[in-house]
Every structure is written in structure tokens, then in C-alpha cells.
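*Asks:* For the protein sequence lines, the chains are V and S, in the order given.
Residue numbering for the first sequence follows our numbering, beginning at 57 and increasing consecutively.
Residue numbering for the second sequence follows our numbering, beginning at 55 and increasing consecutively.
Quick reminder that beta carbons are idealized off the backbone N, C-alpha and C, glycines included.
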Amino acid sequence: MLIKKPEIPSSEITSKDLYLNRRKFLAGAALAGAAAATGIAFRALASPSLTAAANAKIDGIQKSGLSAAEKQTPYKDVTNYNNFYEFSTDKYEPAGAAKDFRTRPWTVTIDGAVKKKQVLDVDSIIKMAAPEERIYRHRCVEGWSIVVPWVGFSLSELIKRAEPLGKARFVEFTTLYDPKQMPGQRVAVLKWPYVEGLRMDEAMHPLALLCFGMYGEVLPNQDGAPLRLVMPWKYGFKSVKSIVRIRFTDDQPMNSWQLSAPNEYGFYSNVNPNVDHPRWSQAKERRLGEFSKRPTLMFNGYDQVASLYSGMDLKKNF
Amino acid sequence: MNRTQITKVLIFLAALVPLGRLAWKAFHDGLGANPIEVITHSTGDWTLILILTTLSITPLRKLTRQYWLIGVRRTIGLFAFFYGVLHFTTYIWLDKFFDWHEIIKDVAKRPFITIGFSAFVLLIPLAITSTAGWIRRMGGKNWQRLHKLIYVTAVLGVIHYIWLVKADKHKPLQYAFVLGVLLLYRVGTWALEMRKKTAPPSARRRPVEATEA
Ligand code: HEM
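Below is the structure:
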């Protein structure tokens, strides 16, 4: 439906099971109708999800007081509309292009200004702390937003264990570079690999989430598996995906979007309705599934981070 | 019906396919997570595609010697305008919800909107004067001069697209390439024309196209 009313009680939202059932049904219809599609439809029937490996339930998820009490965006939107340029610049394509992406074995290198330089297996990172469900608003720099029940724990849990040195004022994150698996990297749309950076106090803030799941399940590939960041008060591109390296440093790292257009994307990239992108307004956003736009909130509504930036000119430090 | 009329009907039907597809998908939950973005992009794409199609009629008819093709150019041009209206309406309604203050600010402040808006405004006189009556009233020469504006619209339309993409300029550059080829053809024929002008009058080209429309 084109026109969706914003106030749908959550009981009416298509549940994931229903959605998958519908997909099964459609696959069945395709099977009956089109002989040519038989092979594909059969695969869809055999495994209802394209990302079967990613659908494993995560046990022992705890609720979090940091969650937003807002209607969650349907799973199918969050898994079929992705800005993940490593796979494609078309938001509808990563779901398919990341289908066979290998997320195991996977290691994360921790280095730079840190006491415990090490290479960690992603599964050992995931076990560092109890998984929490964090329902966060997520605002894309393009002007759309979603509400996602992420699963993970505070990034600070990992940072504490790594024991950064006193001079480490920033953290840099790097996404996997593997053009064989990530077709988007065969084109120099951005400078690969993708890098992102945070100030240490931002990274240590309880809201900063090290994420490996969503909707109670293992993170789907197109959403940044196996390990990503979620920075709910910053534009989505700061929430770097498929992390292979975490480096502590004393000078402010550049991030990929800043490298690509320094006048449009800054280091901080905090959600801010009063500072427009040079090419479009940031005052409003379209929540996926809603017809009207809603006003964008300062720090995406996460006022508790405001003190991190007190005294800073956020127009200059955009 | 003659060949031109049949082709016109076919073009008419074909040109409605993109809109039909959008409408069908809209009512079958097929426009994905962000339907309004899809509509904006699709109508924008088809405006530009149809503008470039009108510009390719002249080279096509001369290269293939299918001179009757000129008779379908107006239909295509009007459909370009039709998709332009849909595109602009999507912006005014579904993107800005008739917030005129915001719209004026956008047009004044955001280069890609300024350019797109200019491209669209320049299409309006062309659509109005597209009838045989207007050609007669204006006279072929003046009419042709006015309709040269389509080149400006095409260039602005391509710049609009280049300026609005975030990082991946592949698609707008494909349009730029097509436009480049079509403009080069004009430069080439113009250069030939200039050469022939110095030759005896008998070697001159056939006169204006509008009279055949
Ligand atoms: C002849 C005039 C125009 C042409 C040929 C044109 C063409 C296009 C094209 C090709 C796109 C990109 C489609 C895609 O990404 O697939 C686009 C997007 C867009 N156009 Fe236009 N356009 C025109 C006029 C306008 C006008 C008058 C406005 C508003 C005042 C406008 C606003 C937009 C917006 C908001 C987008 C989407 C930007 C985004 O997604 O970031 N356009 N247009």
C-alpha cells in the first residue's frame, strides 16, 4: 500500500512469521504459474528466508532501559532497504548481493594506542557481555528513519577490556575489504575500505552499541553482519558495518564520507535538524511506513548525549 | 490509420507503461520500503529519458531516412512534460506537503532543486506551444527558435541528476553521455551546414523541420 496510516497498533503490524508465510505462498504461486521460475521458487520454499544462516535466535536477550517505546519498523523493510555501498549503491540490492557473504570465521584486530593489541574471534567478542535488546531510532542522512530492535551491548564493554592507553582520544573502525565478496568495492564510489571514527567519550557512552543481532536474531548480512556499530544519535553512516579492525589513536580519524565530500559530511555527523546537508534540509524525516514526514529531533531525540558537545559550535562541527 | 498515427498510438500506450507500473505496484505493496522515494526517482528518470528521446528523433530520422518520424516527436515531448509534472507534483505534495515556504527556500537555496526547477519551467512554454495552431501563429522560424529551449532543459536535467546523487554518479553520467552524443550530432551537422553555405545554393539542405510536423 502506498498510503500507510501512522498510528497502527503494534498488534496489527504484520508479524515476521506471517510475512514469511506470505512469501512461502507467493513462492508457491510462482511455482505453479511459471515453469521458468521453478528453481528459484523451490529454493524459496525450501528455506523461507534468503538469509537462513542469519535467522538463528539469540538466547538470553535482556531488555534495556535505553529502548525507545516506539512502533518498530517491519523486519522486511529493515532487511530490504539498506545503505551498504560495499554491496550496492541501490538500497534494494544488498539483500540479494550479501546473501552468500561469509561471516565466519571472522576476526577483529584491535590495535593502535592500546595495552592489549590482539586479534579476536568475533564469537569471543559476542560473549564478552550479556546481549541486550536496544530499540533505537535510526536516522539516515538521506532523510528517512527506522526504529530497530538491535541486539548487542555497549561498545564500552569491549573498549574497557582492550585497555586503551591514556593518549587514545579517538577510535577508528574499519569495514572488511574484500571485493570478491563485496561487489560494490570493485567501483571507487567511496575510498575503500570504509572507515569511521568516534571520539573516545562518544565511544564510551552507554548508548553506543556494539551490535550483532536484531529482532531477536543474528544480524542479517545486509544489515552489517557479523558485527557493527549502532550510534543512535548520529546519522546512519556513522554506524559502521562488518567491522574487522578497531584502532585507538590520538589524532582524529577521517571517515569515508568525509573523505568523499568534506563540505557535506563531518566527523561528528550528529543528527541535527538545524544544520542542513548542503543539498537538502534535515529538518524533517520520513519514518519508513509513514506517509507524512515528522520533525527530526536534536541528537535524534537522545538528549542524554548533549553534554558531550557542550560549548561546541555544532554548525561548524557538523 | 497511417504509419504515423499507428506509431503515435503505440507510443501513447508505451509512455503510459511506467506510470501504470507505478500505480499497480502502489496498490500491491510493491513499491518497497520507501514508496515516495521510488515515485520521485521513477518520474524523474522518465522525464529525462523522454526528453532525450525527443532529442534523438531528428538524428534517427535522418540517419534511417524515416522522415515521417518527425510526426511522433510531439507526442513524446508532451509525455516528457507529463512525467515532469508528475515528478514536480510528487515533490510539492508527497515530499513537501505544500509547505510553500519550504519549497521556495529549497528552489532558492539548493542548487539541484534550482536547476531542476529551471528545467521544468522551461518545458512549460514548449508544451503550450506544441499545437499546430501555435506553430502557425508563431511562424516556423520563431517556433523553432523557441523550441531550441529543449536543449537547455536537457542539459539542466542532466546537471540536476549529477548534483543530487550522493556519491555514485554512474547513472547520471550515462545520461550525460547520451546527451553528449546527441549534442555532438548537432554540432556535426551544423559544421557541415556552414561548409555547404559557402558552396553553391543547389547543394543546400532541405529547409526547417517544424513545417513537416
Ligand atoms: C525537466 C525537469 C526535471 C528532470 C528531467 C528531472 C530528473 C530527475 C532525475 C533523473 C532524478 C533522479 C532519479 C533517480 O535517482 O533515479 C530526479 C530526482 C529528483 N528530482 Fe528531478 N527532475 C526535474 C525537475 C525537478 C523539479 C522541478 C524538482 C523540484 C522542485 C525536482 C526534484 C527532484 C528530487 C527531490 C529528486 C530526488 C532527489 C533525491 O532522491 O535525493 N526535479 N529528477
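Can you tell which of ASN136/V, PRO187/V, ALA169/V, PHE374/V has the C-alpha that lies nearest to the C-alpha of TYR326/V?
*Replies:* Position 270 of the first sequence, counted from the first residue, corresponds to residue 326/V. For the record, residue 326/V in the displayed sequence is Asn; it is not Tyr. Of the listed residues, the one whose Cα sits closest to ASN326/V is PHE374/V.
*Asks:* What is the residue span of the beta strand (DSSP E) that HIS194/V lies within?
*Replies:* For the purposes of this step, residue 194/V is taken as the residue at position 138 of the first sequence. It spans 188-195 - the beta strand (DSSP E) in which HIS194/V sits, taken as one unbroken run.
*Asks:* Which runs of the alpha helix (DSSP H), 4 residues or longer, sit entirely within the region 112-145 of chain S?
*Replies:* As far as the region 112-145 of chain S is concerned, its whole alpha helix (DSSP H) runs of at least 4 residues are 127-143.
*Asks:* Quick check: ARG265/V and ARG190/V, are their CB atoms within less than 7 Å of each other?
*Replies:* On the first sequence, position 209 is the one that residue 265/V refers to. On the first sequence, position 134 is the one that residue 190/V refers to. Looking at the sequence itself, residue 265/V is Leu, so the reference to Arg does not match. Contact flag set, yes.
*Asks:* Need the endpoints of the alpha helix (DSSP H) that GLU156/S sits in, please.
*Replies:* Taking the first residue of the second sequence as 1, we reach residue 156/S at position 102. Here the alpha helix (DSSP H) through GLU156/S covers 154-163.
*Asks:* How far does the alpha helix (DSSP H) with LEU236/S in it extend, from its first residue to its last?
*Replies:* Locating residue 236/S in the second sequence gives position 182, counting from the first residue. Where LEU236/S is concerned, the enclosing alpha helix (DSSP H) stretches over 224-251.
*Asks:* Can you tell me whether DSSP reads HIS261/V as helix, strand or coil?
*Replies:* Looking up residue 261/V in the first sequence gives position 205. Reduced to three states, the DSSP call for HIS261/V is coil.
*Asks:* Determine the closest residue to PRO113/S out of THR243/S, ASP160/S, HIS201/S, with distance taken between C-alpha atoms.
*Replies:* Here residue 113/S refers to the residue found at position 59 when the second sequence is read from its first residue. It is THR243/S whose Cα lies nearest to the Cα of PRO113/S.
*Asks:* I need the DSSP call for GLU212/S, collapsed to helix, strand or coil.
*Replies:* As a first step, residue 212/S must be located in the second sequence, where it is residue number 158. Correcting the residue type first, residue 212/S is Val in the shown sequence and not Glu. Here VAL212/S sits in helix by DSSP.
*Asks:* Would PHE174/S count as contacting chain V if we go by Cβ distances under 7 Å?
*Replies:* The residue you call residue 174/S lines up with position 120 of the second sequence. So no, PHE174/S is outside the interface.
*Asks:* Which residues, in chain order, does the region 222-250 of chain V contribute to contact with chain S at a C-beta distance below 7 Å?
*Replies:* Going along the region 222-250 of chain V in chain order, one finds VAL245, LEU246 with a Cβ nearer than 7 Å to chain S.
*Asks:* Between ALA162/S and chain V, is there a C-beta pair that is closer than 7 Å?
*Replies:* Position 108 of the second sequence, counted from the start, is the residue given in the question as residue 162/S. No - not a single Cβ of chain V is within 7 Å of the one on ALA162/S.
*Asks:* Relative to ligand 1, is the shortest distance from any of its heavy atoms to the C-beta of THR85/S smaller than 6 Å?
*Replies:* Numbered from 1 along the second sequence, position 31 holds the residue referred to as residue 85/S. Before going further, note that residue 85/S is Leu rather than Thr in the sequence given. The answer is no for LEU85/S.
*Asks:* Tell me where the beta strand (DSSP E) around ILE299/V begins and ends.
*Replies:* In the first sequence, counting from the first residue as 1, residue 299/V sits at position 243. Segment 299-305, the beta strand (DSSP E) holding ILE299/V.
*Asks:* Below 8 Å CB to CB, which residues in the same chain sit around PRO208/V once its five sequence neighbours on both sides are set aside?
*Replies:* Here residue 208/V refers to the residue found at position 152 when the first sequence is read from its first residue. The question names Pro, yet the displayed sequence has Gly at residue 208/V. Only PRO187, GLU188, ARG190, LEU265, LEU266, CYS267, PHE268, GLY269, VAL286 meet the Cβ criterion.
*Asks:* So is the beta-carbon of ASP222/S under 6 Å away from any non-hydrogen atom of ligand 1?
*Replies:* As a first step, residue 222/S is located in the second sequence; it is residue number 168 there, counting from the start. ASP222/S Cβ: outside cutoff for every heavy atom of ligand 1.
*Asks:* Compute the Euclidean distance between the alpha carbons of ARG164/S and GLY170/S, then round it to the nearest angstrom.
*Replies:* As a first step, residue 164/S must be located in the second sequence, where it is residue number 110. As a first step, residue 170/S must be located in the second sequence, where it is residue number 116. Distance between the alpha carbons of ARG164/S and GLY170/S: 10 Å.
*Asks:* At a CB-CB cut-off below 7 Å, which residues of chain S make contact with LEU344/V?
*Replies:* Counting from 1 along the first sequence, the entry for residue 344/V is found at position 288. Here the neighbours are ALA87, ASN88.
*Asks:* Are LYS171/V and GLU219/V touching if we call contact CB-CB under 7 Å?
*Replies:* The count along the first sequence starts at 1 and reaches residue 171/V at position 115. The count along the first sequence starts at 1 and reaches residue 219/V at position 163. A contact, by the Cβ cut-off of 7 Å.
*Asks:* Could you check which residue in GLU320/V, ASN356/V, LYS294/V has the C-alpha nearest to that of PRO309/V?
*Replies:* Taking the first residue of the first sequence as position 1, residue 309/V is located at position 253. Nearest of GLU320/V, ASN356/V, LYS294/V to PRO309/V, Cα basis: LYS294/V.
*Asks:* By how many angstroms is the C-alpha of ILE93/S removed from the C-alpha of LEU211/V?
*Replies:* Here residue 211/V is taken as the residue at index 155 of the first sequence, counted from 1. Here residue 93/S is taken as the residue at index 39 of the second sequence, counted from 1. Spanning the two alpha carbons is a distance of roughly 39 Å.
*Asks:* In this structure, how does DSSP classify SER210/V when only helix, strand and coil are distinguished?
*Replies:* What you label residue 210/V is simply residue 154 of the first sequence in a count that begins at 1. Strand, per DSSP.
*Asks:* What residues match up with THR163/V in a beta bridge as DSSP calls it?
*Replies:* If you number the first sequence from 1, residue 163/V lands on position 107. In the DSSP output, where bridge partners are listed per residue, THR163/V has ASP177/V.
*Asks:* Pick from TRP336/V, PRO150/V, LYS247/V, VAL274/V: whose alpha carbon is nearest that of ALA313/V?
*Replies:* Taking the first sequence and counting its residues from 1, one reaches residue 313/V at position 257. It is worth fixing the name first, because residue 313/V is Trp in this sequence and not Ala. Minimum Cα distance to TRP313/V is reached at LYS247/V.
*Asks:* Quick check: PHE66/S and LEU104/S, are their CB atoms within less than 7 Å of each other?
*Replies:* To locate residue 66/S, count along the second sequence from 1; it is residue 12. To locate residue 104/S, count along the second sequence from 1; it is residue 50. The answer is no: Cβ separation not under 7 Å.
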